[in-house]
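Just below is one structure, and these are the notes that go with it.
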Amino acid sequence: MKRLATSSWPQVARQSDAGDILLIPLGSTEQHGPHLPVTTDTDIAVAVAEGAARRLGRLVVAPPVAYASSGEHQEFAGTLSIGQEVTELLLVELGRSASGAFTHLIVVSAHGGNSVPLDRAMTRLHGEGRSVVAWSPNWKGDLHAGRTETSLMLAIAPDRVGPEQAEAGDLRPLATLLPLLQRHGVRSVSANGVLGDPAGANADEGRGLLAAAVDDLVRTAERLRSIPTVEVRQ
Ligand SMILES: [Zn+2]
625 MKRLATSSWP
635 QVARQSDAGD
645 ILLIPLGSTE
655 QHGPHLPVTT
665 DTDIAVAVAE
675 GAARRLGRLV
685 VAPPVAYASS
695 GEHQEFAGTL
705 SIGQEVTELL
715 LVELGRSASG
725 AFTHLIVVSA
735 HGGNSVPLDR
745 AMTRLHGEGR
755 SVVAWSPNWK
765 GDLHAGRTET
775 SLMLAIAPDR
785 VGPEQAEAGD
795 LRPLATLLPL
805 LQRHGVRSVS
815 ANGVLGDPAG
825 ANADEGRGLL
835 AAAVDDLVRT
845 AERLRSIPTV
855 EVRQ
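Heads up: the sequence shown begins at 625 in the numbering used here, then just goes up one per residue.
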């Protein structure tokens with residue numbers, strides 16, 4: 625598997641000459657309940673990106689972006705947020721910089737809270753003619769630190785999950801919770817920081833979710849390879 629973390633610049637130059645695609649995992653550093661580490665989103669983004677890079681030799685995994693937009697979790701210890709504006713700017717600058725060497729870039733995002741700055745960054749980069757795609761997993765589970773993310777972490781890093789600390793949080797659907805979260809933060813609806821219920825989480829389910837996400841990211845990368853190169857304006 626190709627990783628920037630283990631590559632020298634001449635190796636990277638050869639990869640970009642060969643038309644390889646750069647994957648930038650985008651996570652967060654934010655509370656994930658009493659039973660999951662604050663790096664959960666970053667760990668998941670890296671696991672999906674690395675899973676895809678193991679399958680498709682033309683994918684190169686960059687070091688992850690571990691700090692992003694997590695303002696709604698600010699009232700919990702361990703949350704380190706850089707806010708929407710800085711996240712947007714960070715992604716725009718990374719996209720510009722990456723496209724100096726790589727024709728195609730995929731941002732592998734595993735934190736829903738980044739969707740607004742991510743969309744805005746994509747719009748700006750597309751306006752400059754850059755081939756950048758924002759990819760996010762389509763888990764159909766609970767919202768935050770519930771069964772879905774707990775199963776994923778049991779598959780990725782079981783030694784960093786504390787099942788005995790796991791407890792249910794607010795179980796209402798996103799449509800009900802979103803305006804409350806945006807106005808008052810997660811703490812106003814869930815004292816333990818969980819939105820969902822980790823009960824029943826297991827590593828098998830996590831491996832299944834991960835495999836489906838990897839499949840989807842591989843398909844996205846294959847589609848991207850078939851897009852003709854466009855001239856970067858600017
Ligand atoms: Zn998360």
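Cβ coordinates follow ideal geometry from the N, Cα and C atoms, glycine included.
- Query: What number of angstroms, rounded off, separates the C-alpha of Arg682 from the C-alpha of Ala642?
  - Reply: C-alpha separation (whole angstroms): 8 angstroms.
Would the C-beta of His656 count as close to ligand 1, meaning under 7 angstroms from any of its heavy atoms? Flag set: Cβ of His656 near ligand 1.
**Asked** Is Asp667 near ligand 1, with its Cβ less than 7 angstroms from a heavy atom?
**Response** No; taking the cut-off as 7 angstroms, the Cβ of Asp667 has no heavy atom of ligand 1 nearer than that.
If you run the structure through DSSP and keep just helix, strand and coil, what is His728? Of the three classes helix, strand and coil, the one that applies to His728 here is strand, per DSSP.
query = Is Thr664 near ligand 3, with its Cβ less than 7 angstroms from a heavy atom?
reply = In the structure on display, ligand 3 does not appear, and the ligands it does have are ligand 1.
By DSSP, does Pro822 sit in helix, in strand, or in coil? In the three-state DSSP reduction, Pro822 falls in the coil class, being neither helix nor strand.
Taking Ala792 and Val818 to be in contact with their CB atoms under 8 angstroms, please state how far apart those CB atoms are, rounded to whole angstroms. About 6 angstroms; that satisfies the 8 angstroms criterion.
Rounded to whole angstroms, what's the CA-CA distance from Arg831 to Gln789? Just pull it up for me. Approximately 22 angstroms, taken between the alpha carbons.
Between the region 714-721 and the region 736-751, can you find at least three pairs of beta-carbon atoms closer than 8 angstroms? In this structure the region 736-751 lies against the region 714-721, because at least three pairs of beta carbons, one per stretch, are closer than 8 angstroms.
| In terms of residue numbering, what span does the alpha helix (DSSP H) encompassing Ala722 cover? | In this chain, the alpha helix (DSSP H) harbouring Ala722 covers 707-722.
Helix, strand or coil at Ser775 [DSSP, three-state]
In this structure, DSSP gives Ser775 a helical state, which the three-state scheme calls helix.
Exercise. Tell me which same chain residues have a C-beta within less than 6 angstroms of the C-beta of His697, skipping the five on either side of it?
Worked result: The residues are Glu654, Gln655, Thr703, Val810.
Out of Pro761, Gly657, Ala815, point me to the one whose CA is closest to Val731's CA. With distances taken between Cα atoms, Val731 lies closest to Pro761.
For Ile645: DSSP bridge partner residues: For Ile645, DSSP records a beta bridge to Leu683, His728.
Taking 7 angstroms as the cut-off, does the CB of Glu696 come closer than this to any heavy atom belonging to ligand 1? Not under cutoff, so the answer is no.
Quiz item: Looking at Glu829 and ligand 1, is the gap between the Cβ and the nearest heavy atom below 7 angstroms?
Solution: Glu829: no, Cβ never under 7 angstroms from ligand 1.
**Cβ distance (whole Å) where Gly737 is taken to contact Ser693 below 8 angstroms** = Right, their Cβ atoms sit about 5 angstroms apart.
**OP:** Could you spell out where the beta strand (DSSP E) holding Val662 opens and where it closes?
**Re:** Note, Val662: premise wrong, no beta strand (DSSP E); not H, not E.
* **Under 8 angstroms between C-beta atoms of Val672 and Val838** => Yes; because the gap between Cβ atoms is below 8 angstroms, this pair is in contact.
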